[in-house]
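Below: the structure, in structure tokens.
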Ligand SMILES: C[S@@+](CC[C@H](N)C(=O)[O-])C[C@H]1O[C@@H](n2cnc3c(N)ncnc32)[C@H](O)[C@@H]1O
């Protein structure tokens, strides 16, 4: 498997859910959702969405994120693909440029390609991809890894160009997830499948710009409870969150993820909308072979 197909997203994302892709594929196969629209109201790095799109599981991928920088990046990649790739190609990956991009990110006027590129640059050069965090190698660049350790220009440009070629099947938006989810009830008779990955209850504040408080978590739980489409929601396993989904089928699982400098085993939880068949293997444990077998059975 090439780097390109293993990591479809040009963005690194703390707690990125790429490891759930096989589970989501299995879920789509077992619930007859292959070929329908696939929706991520909290898209972030959107790695699950891109895999499903490229491999034909999703007809269209709907990518929504409220963060202006994240949205500007996806918008630039989709609508100004050549200009974004040219910027990546010609911009040196140095501390001087890092300081410039940090100024851009912190400027309220920044928008469009300028903001999209700054988001990308800082995501690829900061520790764990945290836009507002510290640079890999430290400000004095004395660490064992340097600023460009995660900045393979050719590979990243290739991922962005691939996305550009699929732009006709990507629908991008920049809304608050609660309103965005509610709008799905007014649209399309065909079932779409929604995967919600809200900021974590516990760790949100440190990792993302937009973090939720308890009321926000409750609001999104309320929104999905009346949703006419099948959905799943993933979270950190916390009693405060479980209490918001009293009637949903629930599974707990472990997903190893990288955040800040240490790797830790997180206790994760997933909720399923009424009537969804839940695949047997745990999310994170589903192998490509299991997905292929399920696909063969579907086609037989
Ligand atoms: C846990 S991350 C999603 C990670 C993603 N699943 C991945 O694999 O890369 C949560 C995302 O929700 C976005 N977000 C935070 N608050 C939001 C809101 N109210 N509406 C929509 N998106 C929001 C953040 O910008 C962040 O990108």
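In this note's numbering, the protein residues as written are 1 to 300.
In this text, a Cβ means the ideal position worked out from N, Cα and C, and glycines have one as well.
Expected contact under 8 Å - CB spacing of residue i and residue j to nearest Å
i           : j           : result
residue 244 : residue 221 : 4 Å
residue 35  : residue 59  : 5 Å
residue 84  : residue 50  : Wrong, their Cβ atoms sit about 16 Å apart, outside the cutoff.
residue 171 : residue 272 : Residue 171 to residue 272, Cβ: 24 Å. No contact.
residue 234 : residue 202 : Residue 234 to residue 202, Cβ: 14 Å. No contact.
residue 192 : residue 229 : 5 Å
residue 185 : residue 66  : Not quite, the Cβ-Cβ distance comes to about 19 Å (not below 8 Å), so this is no contact.
residue 293 : residue 164 : So it is not a contact: roughly 33 Å between Cβ atoms.
residue 255 : residue 275 : Not confirmed; about 25 Å, so no contact.
Residue i, buried or exposed, once every other Cβ within 10 Å from all chains shown has been counted against 16
i           : result
residue 289 : exposed
residue 296 : exposed
residue 12  : buried
residue 168 : exposed
residue 298 : exposed
residue 77  : buried
residue 263 : Note that residue 263 scores a pLDDT of 40, beneath 50, so its modelled location is shaky; the value from the coordinates is reported in the next line. When all chains shown are included, residue 263 counts as exposed.
residue 37  : buried
residue 22  : buried
residue 197 : buried
residue 90  : exposed
residue 139 : exposed
residue 1   : Only weak support exists for where residue 1 lies, its pLDDT of 42 falling under 50; the value from the coordinates is given anyway. So residue 1 counts as exposed.
residue 99  : exposed
residue 41  : buried
residue 86  : exposed
residue 8   : buried
residue 248 : buried
residue 300 : exposed
residue 214 : exposed
residue 277 : exposed
8 Å Cβ cutoff, residue i in contact with chain B
i           : result
residue 176 : Going by chain labels, chain B is absent from the structure shown, which holds only one protein chain.
Beta-carbon spacing of residue i, residue j below 8 Å
i           : j           : result
residue 17  : residue 48  : yes
residue 241 : residue 270 : no
residue 10  : residue 232 : no
residue 116 : residue 126 : no
residue 322 : residue 199 : No answer is possible for residue 322: the residues shown for the chain start at 1 and end at 300.
residue 281 : residue 27  : no
residue 156 : residue 88  : yes
residue 224 : residue 25  : no
Residue i: CB within 7 Å of a non-hydrogen atom of ligand 3
i           : result
residue 218 : Among the ligands in the structure shown, ligand 3 does not appear; only ligand 1 can be found there.
Kindly confirm or deny that the region 100-112 and the region 150-162 touch, where touching means at least three C-beta pairs closer than 8 Å.
-> no
Segment contact flag, the region 115-129 with the region 52-66, C-beta cutoff 8 Å, min 3 pairs = no
At a cut of 8 Å, does the region 57-72 reach the region 135-149 through at least three beta carbon pairs?
-> no
Check whether the region 21-33 touches the region 178-185, taking contact to mean three or more Cβ pairs, one atom from each stretch, closer than 8 Å.
-> no
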